[in-house]
Amino acid sequence: MIIMAEKTAQQKSWGVSYGEMVRREFAKNKLNVVSLVLIIILFALAVFAPFLANDKPFMIRLDGKLIFPLFASLKASDYSILLAAAIGIWQLILIRRNRRNIEPSIRGHVLSRQLLINASILVAGSVLLYVFVPRRLDATGYRELISSGRASDAIFAPIPYGYARTELEVREQPPGKEHWLGTDDVGSDVLCRLIYGSRISLSVGFVAVGISSLVGIAIGSVLGYFGGKVDFIGMRFVEIMMAIPVFFLIITIVAYWERSLFNIMIIIGLTTWTGNARFIRAEFFKLRNQDFVQAAVSLGLPLRSILFRHMLPNGVAPVLVNATFGIAGAIFIEAALSFLGFGVAPPTPSWGQMLSLGVSTTGRFLWWLTLFPGVAIFLTVLAYNLVGEGLRDAIDPRLRKAA
Amino acid sequence: MNNGTLLAVDNLSVHFFTEDGLAKAVQGVSFAIQEGKTFALVGESGCGKSVTALSIMRLVPDPPGKIVSGRMKFKDENILDLTEKQMRQIRGNQIAMIFQEPMTSLNPVFTVGDQIAEAIKLHQKKDSEQAWADSVEMLKGVGIGDAERRVYEYPHQMSGGMRQRVMIAMAVSCQPDLIIADEPTTALDVTIQAQILDLLDELQRQNGMSVLLITHDLGVVAERADDVAVMYASRIAEKAEAKSLFQNPLHPYTQGLLKSVPQLGFEGERLATIPGIVPDPLHFPSGCKFHPRCPVGGKDKRCQMVEPELREAQTGRHVACWYAPGYETKQEREEYESKYKQ
Amino acid sequence: MIPTLLGITIMVFAISRIAPGDPFSIAMGPGGQLDAERFADFREQQKKLHGLDKPLPIQYLIWLKRVVTFNFGDSIKHHRPVIELIKERLPITLTLNLIAFVIIYTVSIPTGMLAAVRHKRFFDQFSSVIVFMLWSLPAMLVGQLLIGYFCGPAFVSWFPPAGLSSNQADTLPFFPWLTDRLWHLVLPVICLTYSGFAYLTKQVRAGMLESLRADYVRTARAKGLSNMTVIFRHAFRNSIIPVITIMATLLPAMLGGSVIIERIFSIPGMGMLAFEAVTTRDYNVVMAVATIAGLMNLVGLLFGDIAYAVADPRVSFESNV
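Residue numbers (the working numbering), protein chains in the order written: chain A, 184 to 586; chain B, 41 to 382; chain C, 47 to 367.
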């Protein structure tokens with residue numbers, strides 16, 4: 184049972200928690216905050232992509248009747264993403280509330296319960312959406328309908344193009360009034376594909392890093408806690424994984440398996456976990472001998488409680504920092520793979536794939552297909568790197584100051 | 041030189057300009073070290089004693105620290121007026137320093153002999169061979185056995201006590217006039233502590249050096265020091281000859297410190313402590329910095345508002361406390377009381 | 047060491063065998079038109095021929111034996127022994143990477159040191175910003191921009207957009223041939239260098255900053271040593287240790303990047319070979335490239351370990367091997 188502490192003068196004596204200190208230190212540097220804002224904007228772009236760039240209008244009067252094609256054509260995945268964003272925001276609000284109302288010693292417990300509940304809602308919701316949302320393929324050319332007079336009073340999204348739309352007459356157009364950032368080799372609007380491409384990049388980043396962190400933490404904590412023979416054998420395995428050239432391994436796997444977004448995410452995750460494992464192992468070595476761990480052991484607490492409830496929160500900091508850099512790295516790798524043609528296949532939009540079209544088959548230099556996706560990758564990676572760097576600085580020197 | 045005073049520090053103030061604010065680490069500190077004597081600077085962590093020591097060598101890290109005012113006369117020259125080049129001639133040569141942590145204070149990638157020889161080569165202009173031979177002699181002089189072999193060892197191959205001996209060897213290698221020892225034994229075992237302090241004593245007698253001993257250990261001060269200054273929160277609270285200080289401490293802080301030393305064989309009540317903690321240099325209390333913890337002046341308005349300066353209350357005894365005996369004449373006290381005490 | 051080597055080979059082998067499908071359906075090419083029955087026979091025949099009907103561990107050992115003698119089989123696409131292809135292509139990639147490597151080290155170390163010594167002042171702030179941006183720039187963007195603007199009609203045409211040598215290069219005497227080669231290498235080397243440079247400069251700077259804050263630097267100053275001596279002898283000697291170990295991981299990372307750079311600039315090196323092999327499903331080549339890359343990685347790591355043991359007297363050689 185969770186006991187809710189009263190919101191009284193007790194709060195003032197709670198002091199500042201580790202997370203608080205890191206947050207404050209992080210916020211001191213304006214650059215960090217700007218990068219974080221940039222990341223949030225990117226997220227917003229990814230979440231609201233179908234509302235920003237869509238060739239179906241929000242609403243249109245067709246044959247006298249008012250219909251809403253855009254909403255009707257939303258896919259289960261779009262809804263899931265919106266659900267995820269909503270739950271994410273809700274969780275952040277809850278965390279804020281926790282900080283204000285709940286005593287620090289039980290805060291972690293409460294937080295993990297909330298995460299669990301919210302995650303299950305998300306999963307259940309996604310499954311339900313997948314089952315119940317019909318897959319409508321709407322290929323109606325709404326603009327033709329307007330020009331032909333059958334439809335009128337249409338409200339389009341700001342960028343009225345679909346990312347999979349091919350209009351060969353306007354292929355390889357430089358930026359202009361119609362297509363603000365130009366078109367690619369099959370006539371799709373570049374800006375639209377850029378926005379949708381953020382979904383791919385961000386999802387690859389997060390899933391790959393999620394897998395990499397989980398695997399790394401799992402292996403690292405076991406090795407670090409048990410030491411001895413377990414550690415010896417385990418470290419040989421980790422060294423083997425480290426010695427393998429990651430990029431070559433990835434393209435080797437891509438050669439044998441089919442190209443798919445899913446495969447790429449898993450592969451990147453499974454080949455980059457070694458850094459996290461080493462960090463956790465090092466931290467666990469340090470923590471293993473500390474008194475609070477010995478106290479937990481002597482109380483007879485179960486192993487998983489010791490590892491994950493007591494030791495892990497203390498050792499997870501370098502993994503968090505590494506995760507941020509990992510997201511940047513994963514985005515890089517996905518872009519590189521797509522650039523080489525080993526990543527996602529068109530029509531799925533990918534920044535790397537768009538980059539590869541920069542030099543056309545006829546040898547023309549299509550600068551807008553190089554610059555815009557390239558800058559998109561650059562800014563995203565830059566933002567994550569800055570945040571990672573800021574996190575690292577926020578965690579580190581503070582420790583030094585206290586010493 | 042002049043009446044036997046080797047180093048005279050006069051009204052030294054060192055401030056640190058940090059991103060969290062201004063920290064006045066040392067304020068108005070004055071003391072004098074006599075030739076051949078040991079002067080102890082005592083105080084708790086954070087009181088400014090290490091910064092004072094670093095200031096004498098002008099090694100205070102310049103951003104963020106700055107020597108804001110004061111004079112330091114060493115052998116007729118004001119240290120603060122010297123150029124960096126002249127200063128370098130003094131460091132390691134006329135004034136040497138040993139630090140608290142011998143493991144991190146020695147460079148891990150150079151051999152012990154190399155590090156000692158470096159100072160010799162620099163200041164005594166000897167060539168490599170001679171310098172190394174001198175290093176071996178120095179190691180012998182600090183009591184390290186098998187010196188010819190040990191000279192080629194790295195710091196990590198030696199124990200803490202041995203490393204500190206190496207530090208001392210390095211410091212003494214050029215026969216300085218003054219050695220500043222910043223908590224030389226704090227990081228060592230108790231038995232080794234005694235050995236190191238004996239070693240310092242011995243070297244001091246041999247070479248006629250003065251020693252500025254920085255420590256928080258009153259026992260060490262009682263045994264080894266000739267003169268003492270007690271520092272609290274950037275200022276000197278009391279200054280006297282060691283014997284007088286221990287027999288009759290004048291400042292409430294010193295009294296509190298001495299009372300809190302556990303005595304062997306004394307059975308009795310709880311160990312006395314000074315309540316409260318040392319103030320944060322970024323937020324010093326007003327008035328006398330000790331007043332929040334002082335049993336004497338805690339409630340006194342003057343102690344809370346006006347900082348007492350260091351005055352010679354009795355011959356050879358300096359205190360900074362409104363209520364120390366001899367600080368004010370009876371007249372001054374009566375004047376104050378009539379004015380402010382209703 | 048040896049276990050790691052074996053581990054790499056096992057992993058490469060495992061991937062090749064676990065993957066769905068078999069080499070023959072695809073090796074038959076897009077025009078494979080044997081009908082179901084004849085295809086089944088053909089498959090059985092091929093399997094026996096290539097020893098694929100034996101149990102997996104045996105297959106692995108057979109493969110391993112051949113690999114040790116550098117026999118990687120024949121390339122399906124080029125119809126030549128793979129080892130020949132590698133012998134042709136590897137030196138090119140190695141040259142490219144080595145040049146980049148040397149440039150990176152000679153420029154990064156002074157830059158990082160200067161930034162650390164002038165901590166928080168102009169040079170440090172300025173270089174940190176630039177280094178950070180370089181670190182985040184994707185090579186594909188830089189490469190294509192360079193080609194687009196410096197190799198063609200769009201802007202200026204100072205460099206050739208592709209290849210290692212111009213068409214008539216073979217007919218030239220040595221020095222002009224060399225110049226022509228180098229001219230072709232300028233842009234690819236730039237692409238390969240800038241991100242390694244960014245990374246290393248950050249590491250050097252961080253290492254120097256930490257050294258400069260260390261106690262032994264304070265001791266050195268207290269001995270009266272000049273600032274130059276303190277920086278170059280005491281601080282540098284310590285901060286160089288982590289930088290040396292980075293050497294071990296930098297080369298393999300650059301090899302990975304070679305794939306992209308060689309593709310962009312059409313340079314016939316190992317990276318290009320890997321790319322072609324993956325695209326055409328040339329399995330023998332793919333496995334060979336992966337194994338060789340793993341081998342080079344290992345060599346790099348070993349070299350790093352040795353260098354580390356030499357540089358840091360606290361580390362003994364045996365504890366690492």
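Glycine included, each C-beta is placed from N, C-alpha and C at the ideal position.
- By the neighbour-count criterion, in which 16 or more other beta carbons inside 10 Å mark a residue as buried, K283 (chain B) falls on the exposed side.
- Within 10 angstroms of the beta-carbon of D267 (chain B) lie 16 or more other beta-carbons, which makes it buried.
- Straight through space, the alpha carbons of L297 (chain B) and F71 (chain B) are spaced by roughly 21 Å.
- DSSP places G110 (chain B) inside the beta strand (DSSP E), whose first and last residues are 105-114.
- DSSP places M159 (chain C) within a helical segment (H, G or I) once states are collapsed to three.
- Considering only beta carbons, no part of the stretch 131-159 of chain C lies closer than 8 Å to chain A.
- When Cβ pairs closer than 8 Å are counted between the two stretches, the stretch 163-172 of chain C is seen not to touch the stretch 526-542 of chain A, the count staying below three.
- Not one beta carbon of chain C lies nearer than 9 Å to the beta carbon of F231 (chain A).
- When CB distances to chain B are screened at a threshold of 9 Å, the residues of the stretch 256-272 of chain C falling below it are R259, A260, D261, Y262, V263, R264, T265, A266, R267, A268, K269, G270, L271, S272, in chain order.
- Under DSSP, I329 (chain A) forms no beta bridge with any residue.
- In this structure, DSSP gives Y195 (chain C) a helical state, which the three-state scheme calls helix.
- Within the stretch 232-280 of chain A, complete beta strand (DSSP E) segments of at least 3 residues are found at 242-245, 248-250, given in chain order.
- Put simply, the stretch 346-358 of chain A does not touch the stretch 243-252 of chain A. Fewer than three CB pairs are less than 8 Å apart.
- In the structure shown, the three-state DSSP call for M137 (chain B) is strand.
- Looking at the backbone, the Cα of T294 (chain B) and that of G337 (chain B) are separated by about 14 Å.
- G332 (chain A) has its alpha-carbon roughly 52 Å from the corresponding atom of T507 (chain A).
- Residues A65, V66, M271, S274 of the same chain have their beta carbon placed closer than 7 Å to that of G88 (chain B), with the five preceding and five following residues left out of the count.
- With respect to the 9 Å criterion, L239 (chain B) and V260 (chain B) are not classified as neighbours on the basis of their beta carbons.
- Listed in chain order, the non-local C-beta contacts of T291 (chain C) below 6 Å within the same chain comprise G350, Y354, local neighbours out to five positions each way being set aside.
- Interface criterion met: the Cβ of G53 (chain C) is under 9 Å from a Cβ in chain A.
- If you look at Q354 (chain B), you'll find it in the beta strand (DSSP E) that goes 351-354.
- Pairing T55 (chain C) with S384 (chain A), the inter-Cα distance amounts to about 32 Å.
- Ranked by how close their Cα comes to the Cα of V289 (chain C), the residues C:G317, C:T247, C:L142 have C:T247 in first place.
- Distance from the CA of R373 (chain B) to the CA of P319 (chain B), rounded to the nearest whole angstrom, comes to 28 Å.
- In the three-state reduction of the DSSP assignment, I314 (chain B) falls in the coil class, being assigned neither a helical nor a strand state.
- In the DSSP assignment, Y272 (chain B) falls outside any alpha helix (DSSP H) and lies within the beta strand (DSSP E) extending over 267-272.
- The way I'd put it, the stretch 458-467 of chain A does touch the stretch 399-410 of chain A; three or more beta-carbon pairs between them come closer than 8 Å.
- Look at S371 (chain A) here: in three-state DSSP terms it is coil, with no helix or strand label.
- Taking a beta-carbon distance threshold of 9 Å, I287 (chain C) counts as an interface residue toward chain B.
- Interface criterion not met: the Cβ of M448 (chain A) is under 9 Å from no Cβ in chain C.
- For E372 (chain B), none of the residues of chain C pass the 7 Å Cβ criterion, the least Cβ distance being about 44 Å.
- Around the beta carbon of W273 (chain A), fewer than 16 other beta carbons sit within 10 angstroms, so the residue counts as exposed.
- Rounded to the nearest whole angstrom, the C-alpha separation of E441 (chain A) and R296 (chain A) is 38 Å.
- Within chain C, the residues P184, M186 have their CB atoms less than 8 Å from the CB of A518 (chain A), given in chain order.
- Judged by DSSP secondary structure, H55 (chain B) falls within the beta strand (DSSP E) whose first and last residues are 45-58.
- When the beta-carbon positions are compared, R357 (chain B) and A280 (chain B) come within less than 9 Å of each other.
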